[in-house]
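Written out below as structure tokens is the structure these notes cover.
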Amino acid sequence: MSKQDIKLEEKIILAIPYEHEGRKITELTMRRPKVRDQLALRAKCGSVGHPKVKQGQKDFYDNLDRDLEMFAILCDEPVELFYQMDNGDYTKCSNAYTVLSQPC
């Protein structure tokens, strides 16, 4: 993969726009993940093998929680924004994350 082929961000056009805190969400921009993002995710959610308990709850963070937290970090949006998202648009976010995570 040449340097020109490396994507630094991906625009995600939502098939099903929605409102969040009075803002109409029609698209998101996800940036390429960095090691610091993985560290921030682990600090908040724990690791896959050693998940943390969600703050104020008895449940542990699972893989879906971890995905949503990472998407929130990379899109610079609150994680709550993703809770209302259509599942098809969630899949678009997941695909964008996969593309942006490819090695250089």
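Terminal number for the sequence shown in numbering that gives the first Met the number 0: 103, no gaps in between.
No residue lacks a Cβ here, since even glycine has one placed at the ideal position from N, Cα and C.
Taking a contact to mean a Cβ-Cβ separation below 8 Å, would you say residue i touches residue j in this structure?
| i | j | result |
| --- | --- | --- |
| glutamate 68 | lysine 43 | yes |
| leucine 10 | glutamate 20 | For the sequence presented, residue 10 should be read as lysine rather than leucine. Contact: no. |
| tyrosine 60 | glycine 48 | no |
| methionine 29 | tyrosine 96 | yes |
Since residue i and residue j should fall inside the 8 Å C-beta cutoff, what is the C-beta to C-beta distance between them, to a whole number of angstroms?
| i | j | result |
| --- | --- | --- |
| proline 32 | leucine 73 | 6 Å |
Residue i to residue j, Cα distance in whole Å?
| i | j | result |
| --- | --- | --- |
| valine 78 | proline 102 | 26 Å |
| threonine 90 | glutamate 76 | 17 Å |
| proline 16 | methionine 84 | 8 Å |
| arginine 35 | alanine 14 | 30 Å |
| lysine 57 | cysteine 92 | 28 Å |
In the DSSP assignment, what residue or residues form a beta bridge with residue i?
| i | result |
| --- | --- |
| phenylalanine 81 | None; phenylalanine 81 has no bridge partner. |
| lysine 23 | Glu18 |
What is the DSSP secondary structure of residue i, counted as helix, strand or coil?
| i | result |
| --- | --- |
| isoleucine 11 | strand |
| asparagine 47 | Residue identity differs from the one stated: residue 47 is valine in this sequence, not asparagine. Reduced to three states, the DSSP call for valine 47 is coil. |
| arginine 31 | coil |
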